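Colleague: Below is one structure. I have some questions about it.
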Amino acid sequence: MLGRFDRYALKRLSGAAGFFALVFIGLFWINQSLAVFDRVIADGRSLLVFLRLILFYLPEVVAIMLPVVALAAPLQFFHRLAAERELVAWFAGGALPARTLRPVAVFALLMAALSMLFAHFLAPLGRDRLSVAGEEIDRESFARLIRPRNFVTLAPGVTVFVGDIDREGAFHDLFLHDERTPERPVTFIARAARLLRGEERVILSMEQGQTQRLDRNRHALGTLSFERFDYDLTPFLAHQDVTGPDHANVRLLTTPELVDRRRDLPLATLEITDRMMQFVFTFVLPFLAAAAMMAGPQGRNGGGWRIALAVGIALLVNLANGRMLDLVHRSPAAWPAAFVPSLVAALAAFWLLRRAGRPLLPALRHRTGCGEAKRPC
Numbered sequence: 131m132l133g134r135f136d137r138y139a140l141k142r143l144s145g146a147a148g149f150f151a152l153v154f155i156g157l158f159w160i161n162q163s164l165a166v167f168d169r170v171i172a173d174g175r176s177l178l179v180f181l182r183l184i185l186f187y188l189p190e191v192v193a194i195m196l197p198v199v200a201l202a203a204p205l206q207f208f209h210r211l212a213a214e215r216e217l218v219a220w221f222a223g224g225a226l227p228a229r230t231l232r233p234v235a236v237f238a239l240l241m242a243a244l245s246m247l248f249a250h251f252l253a254p255l256g257r258d259r260l261s262v263a264g265e266e267i268d269r270e271s272f273a274r275l276i277r278p279r280n281f282v283t284l285a286p287g288v289t290v291f292v293g294d295i296d297r298e299g300a301f302h303d304l305f306l307h308d309e310r311t312p313e314r315p316v317t318f319i320a321r322a323a324r325l326l327r328g329e330e331r332v333i334l335s336m337e338q339g340q341t342q343r344l345d346r347n348r349h350a351l352g353t354l355s356f357e358r359f360d361y362d363l364t365p366f367l368a369h370q371d372v373t374g375p376d377h378a379n380v381r382l383l384t385t386p387e388l389v390d391r392r393r394d395l396p397l398a399t400l401e402i403t404d405r406m407m408q409f410v411f412t413f414v415l416p417f418l419a420a421a422a423m424m425a426g427p428q429g430r431n432g433g434g435w436r437i438a439l440a441v442g443i444a445l446l447v448n449l450a451n452g453r454m455l456d457l458v459h460r461s462p463a464a465w466p467a468a469f470v471p472s473l474v475a476a477l478a479a480f481w482l483l484r485r486a487g488r489p490l491l492p493a494l495r496h497r498t499g500c501g502e503a504k505r506p507c
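Structure representation (structure tokens):
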């Protein structure tokens, strides 16, 4: 059962987490939305399309910023307790530092549960919907680029002419000239054509047409009639996914789906490890923040170096997490090593908690006035 202090602390921690989530997630979300807004405006899209795209991106932003919120909320709460002397009064009443961690543990469980929900389920689903919506925009934007009875240059050396476009988006009387290889230019003439969007490519499917290939070195012209010919337009798209196909696939799948398909997808183990690392890291950070704020003699001053200590350890652990992911990428069997940085952070939190109310280093005892002949700390 939670006591009065536990309920008070949990209420304050939740309030601080809500505030920092609103600030950090909001700022990061707005920053990412600007790029989406430029893309939507450039394509002549409506505001509803923009709102749908940034809504799909929101779970990704929340998953990224939850560790920051999990660290910032306890720092703000314990700093306020120390500044208002509430923490000193709490310890003077006989409470132990470990007892103070009970509401922090509940808060850490809550943040870790949210991290699991977003990192393992909501963020992959959001990325999947965002990918589908982006593909639709790319395809329709490319279709709008082609105008009836106009020569359109898709890229240097590639020109397209369409006689007409019907209501279903099919092209009629299509002419495509590809001169990217000057020695062997190719011309396509088709009675009809359609744009087809696959998982990774955009294809111009031409029907009932002819290809004319000129070999300027041999002064020869070759022709070939076809019933259907597919021409890859992916290199001419303005917006492409620069990640590899394996990486793109694993990021669009929820964790249960990755577990089922880990033998088929080479990067499934890396993605699962990354998500679990974020879950564990989010769980450890509140304890690290609380232990750092209770370390050393308590007083009105000293909050600055405690905050800097907690943030510094968190940054070092986060950098180590990135190194561990590189190790897992090279050797998937080494995935247990990826959790070593979070374990080190937990050990650091335990050591800081042991130094609560005492100098961090025994050599500082005389400088802080904590000797046996002096006043107690």
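Just so you know, the numbering used here puts 383 at position 253 of the sequence shown, and the rest follows in order with no gaps. We treat Cβ as the ideally placed atom computed from N, Cα and C, and that holds for glycine. If you're wondering where the values come from, they're calculated on a predicted model, not measured in any experiment.
1. Just to confirm, is the Cβ distance from Asp508 to Gly287 under 9 Å?
2. Looking at Pro197 and Leu354, is the spacing between their C-beta atoms short of 9 Å?
3. Please say whether Phe417 and Ala476 have beta carbons closer to each other than 9 Å?
4. Quick check on the DSSP output: the beta strand (DSSP E) that includes Val292 runs from which residue to which?
5. Taking only three categories from DSSP, how would you classify Thr403?
6. Going by DSSP, which residues form a beta bridge with Ser461?
7. Starting from the Cα of Leu74, find the closest Cα among Ala444, Leu181, Leu439 and give me that residue.
8. Measuring straight from C-alpha to C-alpha, what distance separates Ser176 and Val170?
9. For the alpha helix (DSSP H) containing Ser472, name the first residue and the last one.
10. Buried or exposed for Leu200, please, with buried defined as at least 16 other CB atoms from any protein chain shown within 10 angstroms of its CB.
11. So Ser355 is in the beta strand (DSSP E); what residue range does that whole segment cover?
12. In or out: Ala219 buried (at least 16 other Cβ within 10 Å) or exposed?
13. Hey, is Leu483's beta-carbon within less than 9 Å of any beta-carbon in chain D?
14. Am I right that Arg348 and Glu337 are in contact with their C-beta atoms under 8 Å? What's the rounded C-beta distance?
15. Look at Val380 and Ala263 and say whether their C-beta atoms are less than 9 Å apart.
16. Are the beta-carbon atoms of Ala238 and Phe413 separated by less than 9 Å?
17. I need the straight-line Cα distance from Arg324 to Thr289, nearest angstrom please.
Modeller: Checking against the coordinates, here is how it stands:
1. Because the chain in this structure spans residues 131 to 507, residue 508 falls outside the shown range and cannot be described.
2. Against a cut-off of 9 Å, the Cβ pair of Pro197 and Leu354 comes out as no contact.
3. Result yes, Cβ atoms of Ala476 and Phe417 sit closer than 9 Å.
4. Residues 288-295.
5. Helix, per DSSP.
6. Looking at the DSSP assignment, Ser461 forms no beta bridge with any residue, so it has no partner.
7. No answer is possible for residue 74: the residues shown for the chain start at 131 and end at 507.
8. For Ser176 and Val170, the distance between alpha carbons rounds to 8 Å.
9. Annotation: the continuous alpha helix (DSSP H) that includes Ser472 extends over 470-484.
10. The question names Leu, but residue 200 in the sequence shown is Ala. Answer is buried; the Cβ neighbour count reaches 16.
11. Start and end: 350-362.
12. By the neighbour-count rule (16 or more Cβ atoms within 10 Å), Ala219 is not buried but exposed.
13. Given the protein chain composition of this structure (a single chain), no chain D is represented.
14. Arg348 to Glu337, Cβ: 30 Å. No contact.
15. Against a cut-off of 9 Å, the Cβ pair of Ala263 and Val380 comes out as no contact.
16. Cβ atoms of Ala238 and Phe413: closer than 9 Å.
17. So the alpha carbons of these two residues sit roughly 17 Å apart.
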